[in-house]
Amino acid sequence: MTTNQETYSIGDRAGLLWTWWKGDALPALSPLPDFSVERATNLEELAFVMETTQEEVLKLRQVGHEPYLARIGTHAVAVGWSATGKAAFGGGLVTFQVPPQNRYLYYFITLPAWRGHGIYPRLLQYILRHECATNERFWIIHQAANLASQHGIERAGFQLTSAVHFLDTEHLGLLTTKANKERALAGAALFGLPLIESR
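What follows is the structure, given as structure tokens:
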């Protein structure tokens, strides 16, 4: 069964779509010594953590995307981006417009030496708390094989909405259940993807 009454052949799972809506719970996470988060402005520092060029960082800033930098003491240890306006995922396979009062969270990187310390879920929660005053819904996707990312997103309080699958049309679609259908419908509308309800 599909929301647009078409039949698709479901291929491999590409990732998972999660969401957090204003009013959802934020699980308690124990304090991390010397942990802090800031809205980042230093292009050189961002480029270092992201392992990219300052020009690429500037391009993201210029389209209205906001970077957040996590620190342990004075050390920059992780980065994540909050997108409004035009955004994309899947290597550009899906492009979409983030509507008002929504944010698409992406490009999260924790430096290898600092992985496994719980930085990712705390960075996510900081962004949710910081931006929920002016935004209602937050969306995030991770690759199917990235179990560490899945664990961090779940710990931060996001709810699983649907699985992202390749379709026989060589495009992507969302596979969901009745229990998740309300949020999955909202996600399908935002990303412009077909929604298939599993039996």
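The numbering of the sequence shown is the working numbering, which starts it at 820 and goes up by one.
For every residue, glycine included, the Cβ atom is placed at its ideal position computed from N, Cα and C.
**Report entry** Integer Cβ distance of ALA897 from TYR925, believed to fall under 8 angstroms
**Finding:** On the sequence shown, residue 897 is found 78 positions in, with the first residue counted as 1. On the sequence shown, residue 925 is found 106 positions in, with the first residue counted as 1. Contact flag wrong, Cβ pair sits at about 14 angstroms.
Report task. Jot down the residue ranges of each uninterrupted alpha helix (DSSP H) in the region 896–978, minimum 4 residues, whole runs only, in chain order. Result -> Inside the region 896–978, DSSP marks whole alpha helix (DSSP H) runs of 4 or more residues at positions 938–950, 966–975, from first to last along the chain.
Query raised in the report: Using the C-alpha atoms, what's the distance from THR929 back to TRP900?
Result: Taking the sequence shown and counting its residues from 1, one reaches residue 900 at position 81. Taking the sequence shown and counting its residues from 1, one reaches residue 929 at position 110. Answer to the nearest angstrom: the Cα atoms are 12 angstroms apart.
Report task. Throw me the rounded Cβ distance for the ARG832 and ALA982 pair, which I believe falls under 8 angstroms. Result -> Locating residue 832 in the sequence shown gives position 13, counting from the first residue. Locating residue 982 in the sequence shown gives position 163, counting from the first residue. Contact flag correct, Cβ pair sits at about 5 angstroms.
Query raised in the report: Could you give the residue range of the alpha helix (DSSP H) that holds ALA847?
Result: Numbered from 1 along the sequence shown, position 28 holds the residue referred to as residue 847. Secondary structure note for ALA847: it is in no alpha helix (DSSP H), with a DSSP letter that is neither H nor E.
Report task. Determine the contact status of ARG922 and PHE977, defining contact as a CB-CB distance below 8 angstroms. Result -> Stepping through the sequence shown from its first residue, residue 922 is reached at position 103. Stepping through the sequence shown from its first residue, residue 977 is reached at position 158. Taking 8 angstroms as the Cβ cut-off, ARG922 and PHE977 do not qualify as a contacting pair.
Report task. Assuming GLY1006 contacts LEU836 (C-beta within less than 8 angstroms), just tell me the rounded distance between them. Result -> For the purposes of this step, residue 1006 is taken as residue 187 along the sequence shown, with counting starting at 1. For the purposes of this step, residue 836 is taken as residue 17 along the sequence shown, with counting starting at 1. Confirmed, Cβ separation roughly 5 angstroms.
Report task. Give me whichever residues DSSP pairs with ASP855 in a beta bridge. Result -> Counting from one through the sequence shown, the residue named residue 855 turns up at place 36. The identity of residue 855 in the sequence shown is Ser, whereas the question assumes Asp. Bridge partners of SER855: ARG890.
Query raised in the report: Any idea what DSSP makes of VAL868, helix, strand or coil?
Result: By 1-based counting over the sequence shown, the position of residue 868 is 49. Annotated three-state conformation of VAL868 is helix, per DSSP.
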